[in-house]
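Enquirer: Protein chains in written order, with the working numbering: chain Z, 46 to 306; chain L, 8 to 250.
(1) CB residue 239 (chain Z) to CB residue 53 (chain Z), shorter than 7 Å?
(2) Is residue 152 (chain Z) close to chain L, meaning its C-beta is less than 7 Å from at least one C-beta of that chain?
(3) Hey, which unbroken runs of the beta strand (DSSP E) at 3 residues or more fall wholly within the segment 219-262 of chain Z?
(4) Please compile the residues from chain Z whose C-beta is within a distance smaller than 7 Å of the C-beta of residue 149 (chain L).
(5) Any beta carbon of chain L sitting closer than 7 Å to that of residue 179 (chain Z)?
(6) Could you tell me whether the Cβ of residue 164 (chain L) comes closer than 7 Å to any Cβ of chain Z?
(7) Does any residue of chain Z bring its CB to less than 7 Å from the CB of residue 155 (chain L)?
(8) Would you say residue 241 (chain L) faces chain Z, with C-beta separation under 7 Å as the test?
(9) In terms of residue numbering, what span does the alpha helix (DSSP H) encompassing residue 53 (chain Z) cover?
(10) Using DSSP with H/G/I as helix, E/B as strand and the rest coil, what is residue 106 (chain Z)?
(11) So which residues of chain L does residue 199 (chain Z) contact, with C-beta pairs closer than 8 Å?
(12) Taking Cβ positions, are residue 267 (chain Z) and residue 253 (chain Z) nearer each other than 7 Å?
(13) Starting from the Cα of residue 249 (chain Z), find the closest Cα among Z:227, Z:119, Z:127, Z:72 and give me that residue.
(14) Does DSSP put residue 247 (chain L) in a helix, in a strand, or in coil?
(15) Using a cut-off of 7 Å between C-beta atoms, extract the partners of residue 134 (chain Z) located in chain B.
(16) So, residue 61 (chain L) versus residue 194 (chain L), is the Cβ gap smaller than 7 Å?
(17) Check the Cβ-Cβ distances between residue 276 (chain Z) and every residue of chain L, and say whether any is below 7 Å.
(18) If we ignore side chains and look at the alpha-carbon of each, how far apart do residue 60 (chain Z) and residue 270 (chain Z) end up?
(19) Would you mind sorting residue 241 (chain Z) into buried or exposed? The rule is 16 or more other CB atoms within 10 Å of its CB.
(20) Is the separation between the beta-carbon of residue 147 (chain L) and that of residue 161 (chain L) shorter than 7 Å?
(21) If you drop the 5 nearest sequence neighbours on each side, which residues of the same chain put their C-beta closer than 8 Å to that of residue 108 (chain Z)?
(22) Assign residue 199 (chain Z) to one of three DSSP states: helix, strand, or coil.
(23) Using DSSP with H/G/I as helix, E/B as strand and the rest coil, what is residue 57 (chain Z)?
(24) Give me the Cβ distance between residue 124 (chain Z) and residue 201 (chain Z), rounded to the nearest whole Å; I'm assuming they're in contact under 8 Å.
(25) Could you check where the alpha helix (DSSP H) with residue 292 (chain Z) kicks off and where it finishes?
(26) With a Cβ-Cβ cutoff of 7 Å, do residue 134 (chain Z) and residue 132 (chain L) count as a contact?
(27) Please report how far the alpha carbon of residue 68 (chain L) lies from the alpha carbon of residue 94 (chain L), in whole angstroms.
(28) Taking residue 280 (chain Z) as the reference, give the member of Z:261, Z:223, Z:50 with the closest Cα.
(29) With a threshold of 16 other CB atoms inside 10 Å of the CB of residue 243 (chain L), please say whether the residue is buried or exposed.
(30) Rounded to whole angstroms, how far is the Cβ of residue 170 (chain L) from the Cβ of residue 70 (chain L), which I believe are closer than 8 Å?
(31) Is it true that the CB of residue 128 (chain L) sits closer than 7 Å to the CB of residue 65 (chain L)?
(32) Just the chain L side, please: which residues come within less than 9 Å of residue 221 (chain Z) by C-beta, in chain order?
(33) Please list, in chain order, the residues of the segment 61-80 of chain Z that have any C-beta partner in chain L closer than 8 Å.
(34) Say whether the segment 171-178 of chain L touches the segment 111-127 of chain L, bearing in mind that this needs 3 or more beta-carbon pairs closer than 8 Å, one atom from each stretch.
(35) How about the segment 182-199 of chain L and the segment 217-226 of chain L: do they share at least three Cβ pairs that are nearer than 8 Å?
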């Protein structure tokens, strides 16, 4: 990994409280170019708060988020977010093509360029022919693909994903996981994915950040030396994969103040 | 159902059990007569004009006032009491005041119908503008969508189904208030015809005019329902397919 380069996304000592209740305590981590970083922690550990801070949709009480070394205070052009709830994140009154075009409207692109970007993004997620459908005419997995395509058309350096596959069935989930690995490999985009699923985090990540405690802090940063090409069946049966999964599971269970579920 | 009711009406009215109520056949004959003589057109035109103008005013003013109140929490809190107070005043209690100010012309029924209907549009617009989904808004923010585009592609489409309901309600209220005002003031139109027919003892033609008023209400509702289905094809209640 490119440890010597400036990280694309960096969280430095992020702390956040809502009134009396502290949610995040001194959270730091970084994601390098083209790196797949998974942030894992049980429900209610402030993962969503961290994600809002990372994308500058919310502010931290202290600490800062840097993109390419620069502290950010507003949502930056280099970062795009894929939300868990695709049915709310996609506009039901716009066809798929228009939904994908929406973030491009602020850029001065010719209609031809816009169309090209939409077509390419749809091809990247395997939905070449979905441009004229409404989101609600599609399955959940397809809708999340559209949301991913919208982010890709925006051409961010970093894709931040909040439990993106939590609302789809297991088979679709596996397909989407592989899609993300494929997108990272082809487009070189940095991906920061937040999940409560340890198996998913180890399968996808080059690095897993374990969040635990109340308030949440980083209890470990675990490198995942499984190589960049992964496979749902063979990778998941490798002894080192199983070992890592057990190790992270133990870390989360041991954390005294964490509550799962 | 309608046929059964008509038959029951015909039988009870012809054996004289309904007092001053004529039989449906008599009413239908009176209805034909007012069309045949052309007597119906002028009052119908007056009522339709009053209805349409008051509705357009109510919709335009309602939307213009409703949006800022719906998008600003402070503005909403400051105005909610005033709104609740004003919208519960029945439009017809203002008849004496309005007649004093504007006489018994078309302006008066327009103003009264407007005052009766504008609240429905204001309230629905407020509800609509307040219903913007937080995840959708965050999506727009994270993509740095421009302010005007956010209004056009998020705020307005979110509020539209609510506004459509407001317009449908307003259309019905405008029919009711316009005709009632025409009876009470009296101020021309179908309303005054009902009154005149009653005073002149022409009971069947009075019912013929009442029937026309009902038909007007049903027609307005159906027309707006159809329009809504077209404009809101994406909305769950109008979708032809579901995933």
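Ideal placement from N, C-alpha and C gives every residue a C-beta, glycine not left out.
Expert: On the basis of the supplied data:
(1) Start at 1 with the first residue of the first chain, and residue 239 (chain Z) comes out as number 194. Start at 1 with the first residue of the first chain, and residue 53 (chain Z) comes out as number 8. Cβ distance not < 7 Å, so residue 239 (chain Z) and residue 53 (chain Z) don't count as in contact.
(2) Residue mapping note: residue 152 (chain Z) aligns to position 107 of the first chain, counting from 1. No, no contact with chain L.
(3) 235-240, 252-257
(4) Sequence index remark: in the second chain, residue 149 (chain L) carries index 142 (1-based). In chain order: 100, 102, 120, 125, 126.
(5) Counted from its first residue, the first chain places residue 179 (chain Z) at position 134. Interface residue, yes.
(6) For the purposes of this step, residue 164 (chain L) is taken as residue 157 along the second chain, with counting starting at 1. Closer than 7 Å to some Cβ of chain Z, the Cβ of residue 164 (chain L) qualifies, so yes.
(7) Stepping through the second chain from its first residue, residue 155 (chain L) is reached at position 148. Cβ-Cβ to chain Z under 7 Å: no for residue 155 (chain L).
(8) By one-based count along the second chain, residue 241 (chain L) stands at place 234. Judged by the 7 Å Cβ criterion, residue 241 (chain L) is in contact with chain Z.
(9) In the first chain, the residue the question calls residue 53 (chain Z) occupies position 8. Boundaries for residue 53 (chain Z): no alpha helix (DSSP H) harbours it, and the DSSP string shows neither H nor E there.
(10) As a working note, residue 106 (chain Z) is residue 61 in the first chain. Coil, per DSSP.
(11) Within the first chain, the letter at position 154 stands for residue 199 (chain Z). Ordered by position in chain L, the residues that pass the 8 Å Cβ test against residue 199 (chain Z) are 150.
(12) Looking up residue 267 (chain Z) in the first chain gives position 222. Looking up residue 253 (chain Z) in the first chain gives position 208. Closer than 7 Å, so yes.
(13) By one-based count along the first chain, residue 249 (chain Z) stands at place 204. For residue 249 (chain Z), the closest C-alpha among the options Z:227, Z:119, Z:127, Z:72 is that of Z:227.
(14) The count along the second chain starts at 1 and reaches residue 247 (chain L) at position 240. In the structure shown, residue 247 (chain L) sits in coil (DSSP, three-state: anything other than H, G, I, E or B).
(15) Within the model displayed, chain B is absent; protein chains Z and L are what it includes.
(16) Start at 1 with the first residue of the second chain, and residue 61 (chain L) comes out as number 54. Start at 1 with the first residue of the second chain, and residue 194 (chain L) comes out as number 187. The answer is no: Cβ separation not under 7 Å.
(17) Sequence index remark: in the first chain, residue 276 (chain Z) carries index 231 (1-based). Output row for residue 276 (chain Z): interface = no.
(18) The sequence position of residue 60 (chain Z) within the first chain is 15, counting from 1. The sequence position of residue 270 (chain Z) within the first chain is 225, counting from 1. Whole-angstrom Cα-Cα distance: 30 Å.
(19) Along the first chain, one-based indexing puts residue 241 (chain Z) at 196. Residue 241 (chain Z) is buried by the Cβ-count criterion.
(20) Within the second chain, the letter at position 140 stands for residue 147 (chain L). Within the second chain, the letter at position 154 stands for residue 161 (chain L). Yes.
(21) By 1-based counting over the first chain, the position of residue 108 (chain Z) is 63. Contacts found: 56, 57, 58, 59, 60, 71, 72, 73.
(22) Indexing the first chain from 1 puts residue 199 (chain Z) at position 154. Coil.
(23) Taking the first residue of the first chain as position 1, residue 57 (chain Z) is located at position 12. Looking at residue 57 (chain Z) - three-state DSSP - the assignment turns out to be strand.
(24) To locate residue 124 (chain Z), count along the first chain from 1; it is residue 79. To locate residue 201 (chain Z), count along the first chain from 1; it is residue 156. With a Cβ gap of about 6 Å, residue 124 (chain Z) and residue 201 (chain Z) count as contacting.
(25) Indexing the first chain from 1 puts residue 292 (chain Z) at position 247. Per DSSP, residue 292 (chain Z) belongs to the alpha helix (DSSP H) from 284-299.
(26) Within the first chain, the letter at position 89 stands for residue 134 (chain Z). Within the second chain, the letter at position 125 stands for residue 132 (chain L). No, they are not a contact pair.
(27) In the second chain, residue 68 (chain L) corresponds to position 61, counting from 1. In the second chain, residue 94 (chain L) corresponds to position 87, counting from 1. Distance between the alpha carbons of residue 68 (chain L) and residue 94 (chain L): 14 Å.
(28) Counting from one through the first chain, the residue named residue 280 (chain Z) turns up at place 235. Checking every option, the nearest Cα to that of residue 280 (chain Z) belongs to Z:223.
(29) For the purposes of this step, residue 243 (chain L) is taken as residue 236 along the second chain, with counting starting at 1. Per the 10 Å Cβ criterion, exposed.
(30) By one-based count along the second chain, residue 170 (chain L) stands at place 163. By one-based count along the second chain, residue 70 (chain L) stands at place 63. Going by Cβ atoms, the distance from residue 170 (chain L) to residue 70 (chain L) rounds to 6 Å, so yes, they are a contact pair.
(31) Taking the first residue of the second chain as 1, we reach residue 65 (chain L) at position 58. Taking the first residue of the second chain as 1, we reach residue 128 (chain L) at position 121. In this structure, residue 128 (chain L) lies closer than 7 Å to residue 65 (chain L) by Cβ.
(32) Residue mapping note: residue 221 (chain Z) aligns to position 176 of the first chain, counting from 1. Those within 9 Å of residue 221 (chain Z) in chain L number zero; the least Cβ separation is about 17 Å.
(33) none
(34) yes
(35) yes
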